[in-house]
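Participant: When the letters of the sequence shown are read in order and numbered with mature numbering (1 follows the signal peptide of the UniProt record, and there is no 0), they come out as residues -20 to -1, 1 to 239.
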Amino acid sequence: MKHFIHIAAVTCLLVTSLFAQEKEQVGSAYFQAVDEYKVKNYNKSIELVKGLLTDGKSSYEFYALLAFNYDKLNDFENSYKNILEARKRKPDDEDLLQASLAILTRHKKWKPAIELAEKTIPLYPQNPEVRYFYALALSEKGASKTALSQIEKAKAGSPSDFRMLELEGKIYYNLKNYDKADVSLRWASSLNQNSAEIWNNLALVQESLYKSNKKLGKKSQANTYLTEAKDCIKKASDLNGESNTIKENSKRIVALNEL
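Okay, structure coming up:
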């Protein structure tokens, strides 16, 4: 599942905090580095920030920006090393802790993500992002029930965030509670109609509901779910036809026949 901290918002926060200082103390190169990050010139952004550090300038914002750049380049070691450097300069900062969890979960470092989330939640119990990353890591480690309880709390703080519902649906699907998975993923798809992954997952849920109703002899319900499964996998294919997973699921679902 895709899961991203709102990096643009964090970057804006970093820029805003730096504007509070005199620009001469920071160097215009930092603002150029932020602009390079925004247009996806990650290596150039890194080069500019490293130049500032070489010149003896140092700020937690610099290390955070380096971390975000390296994360975009799929370089976990450098990304996490730099976010830790940022946190050394601003311990227990909510945004930096949240960013750390985003990096850990993006790179599938589930155990350290769980450990960090358990330290962070008591500090910021109302932060839905922290609970989301915690739930994600827990679900990947098989602690589905605990993950669901965390998702409920995350949803309370961010009820219109489709990621919460998408994760909830996937957990229910893995627990074979297809009715609840169906509800969660339908809601997620109504909030984000342009996610191939959500439509793919919803198709899988409805495929399972088709099979379970078929087994129970409920012909009408089974056929309804099959029609919806085919509609959903088509939407997924239209959005991301290059995905091998979606291709395989589409081939299988389309071949299913009504009762």
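The beta-carbon is built from N, C-alpha and C at its ideal position, and this holds for glycine as well.
Since the model is a prediction, treat every value here as computed from it, not as a measurement.
Under 7 Å between the Cβ atoms of residue 110 and residue 130?
Facilitator: Within the sequence shown, numbered from 1, the residue matching residue 110 stands at position 130. Within the sequence shown, numbered from 1, the residue matching residue 130 stands at position 150. Against a cut-off of 7 Å, the Cβ pair of residue 130 and residue 110 comes out as no contact.
Participant: From which residue to which residue does the alpha helix (DSSP H) around residue 14 run?
Facilitator: For this step, residue 14 is matched to residue 34 along the sequence shown. Its alpha helix (DSSP H) spans residues 8 to 18.
Participant: Does DSSP put residue 238 in a helix, in a strand, or in coil?
Facilitator: Stepping through the sequence shown from its first residue, residue 238 is reached at position 258. The three-state reading of DSSP puts residue 238 in coil, since its state is none of H, G, I, E or B.
Participant: Would you kindly check if the distance between the Cβ of residue 82 and the Cβ of residue 66 is under 7 Å?
Facilitator: The residue labelled residue 66 in the question sits at position 86 within the sequence shown. The residue labelled residue 82 in the question sits at position 102 within the sequence shown. No; because the gap between Cβ atoms is not below 7 Å, this pair is not in contact.
Participant: Answer yes or no: do residue 193 and residue 216 have a C-beta to C-beta separation smaller than 7 Å?
Facilitator: Translated into the one-based positions of the sequence shown, residue 193 becomes position 213. Translated into the one-based positions of the sequence shown, residue 216 becomes position 236. No.
Participant: Which residue marks the beginning of the alpha helix (DSSP H) containing residue 92, and which one marks its end?
Facilitator: Counted from its first residue, the sequence shown places residue 92 at position 112. Going by DSSP, residue 92 is part of the alpha helix (DSSP H) stretching over 90 to 100.
Participant: For residue 134, count the other beta carbons within 10 Å of its own beta carbon; 16 or more makes it buried, fewer makes it exposed. Which is it?
Facilitator: Position 154 of the sequence shown holds residue 134. Counting Cβ neighbours within 10 Å, residue 134 comes out buried, since at least 16 surround it.
Participant: Check each candidate in 117, 86, 238 and 220 and name the one with the smallest Cα separation from residue 205.
Facilitator: Within the sequence shown, the letter at position 225 stands for residue 205. Ranking the options by Cα distance to residue 205, first place goes to 238.
Participant: Going by other Cβ atoms of all chains shown within 10 Å of its Cβ, with 16 needed for buried, is residue 173 buried or exposed?
Facilitator: Stepping through the sequence shown from its first residue, residue 173 is reached at position 193. Looking at its Cβ environment, which holds fewer than 16 other Cβ atoms inside 10 Å, residue 173 is exposed.
Participant: Going by other Cβ atoms of all chains shown within 10 Å of its Cβ, with 16 needed for buried, is residue 231 buried or exposed?
Facilitator: Locating residue 231 in the sequence shown gives position 251, where the first residue counts as 1. Exposed.
Participant: Answer yes or no: do residue 9 and residue 28 have a C-beta to C-beta separation smaller than 7 Å?
Facilitator: Residue mapping note: residue 9 aligns to position 29 of the sequence shown, counting from 1. Residue mapping note: residue 28 aligns to position 48 of the sequence shown, counting from 1. Going by C-beta atoms, residue 9 is nearer than 7 Å to residue 28.
Participant: Sorted by chain position, which residues of the same chain lie with C-beta nearer than 6 Å to residue 25's C-beta, five sequence neighbours on each side aside?
Facilitator: Counted from its first residue, the sequence shown places residue 25 at position 45. Around residue 25: 13, 16, 17 and 49.
Participant: In chain order, which continuous runs of the alpha helix (DSSP H) of length 4 or greater are located wholly inside the segment 174 to 210?
Facilitator: 176 to 195
Participant: For residue 202, which option in 125, 191, 210 and 212 has the closest C-alpha, if you only look at C-alpha atoms?
Facilitator: Position 222 of the sequence shown, counting from 1, holds the residue named residue 202. It is 191 whose Cα lies nearest to the Cα of residue 202.
Participant: Who are the Cβ neighbours of residue 259 in its own chain at under 7 Å, not counting the five residues just before and after it?
Facilitator: Only positions -20 to 239 of the chain appear in the structure, and residue 259 is not among them; the question remains open.
Participant: Could you check where the alpha helix (DSSP H) with residue 104 kicks off and where it finishes?
Facilitator: By one-based count along the sequence shown, residue 104 stands at place 124. Per DSSP, residue 104 belongs to no alpha helix (DSSP H) and is neither H nor E.
Participant: From which residue to which residue does the alpha helix (DSSP H) around residue 270 run?
Facilitator: Outside the displayed range of the chain (-20 to 239) lies residue 270, so it cannot be described from this structure.
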